[in-house]
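Engineer: In the working numbering, the protein residues as written are 463 to 542. There's a structure below that I have some questions on.
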């Protein structure tokens, strides 16, 4: 089967994203989207704002070394 979207709880999403990262070669190349939940009952709002970021986070361990690959950040911006 092929899936475009897989909706999971946080723990299982982390496990699946780590496994799927191996298809691209590295977790450092993947974008991420954390979307807001449901709005209040009776409201026409669909939830809060989304957060788009690289899966690897800020990667402070390689800060200032000139080795960071910005591809994941560009892909996160493209998901907006």
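Built from N, CA and C at the ideal position, the CB exists for glycine as well. The structure presented is a predicted model; accordingly, all values stated were derived computationally and were not measured.
Quick test of the definition: if touching needs 3 or more C-beta pairs under 8 Å, does the stretch 464-477 touch the stretch 513-532?
Structural biologist: Too few Cβ pairs lie closer than 8 Å, so no.
Engineer: To which residues does DSSP link residue 516 through a beta bridge?
Structural biologist: Note: residue 516 sits in a beta bridge opposite 493.
Engineer: Starting from residue 472, follow the alpha helix (DSSP H) in both directions and report where the run begins and ends.
Structural biologist: 472-486 is the span of the alpha helix (DSSP H), which, as asked, contains residue 472.
Engineer: Tell me whether the beta-carbon of residue 534 lies closer than 8 Å to the beta-carbon of residue 497.
Structural biologist: Not a contact, by the Cβ cut-off of 8 Å.
Engineer: Quick one: residues in its chain with C-beta nearer than 6 Å to the C-beta of residue 510, no 5 flanking neighbours on either side, listed in chain order?
Structural biologist: These residues qualify, in order along the chain: 498.
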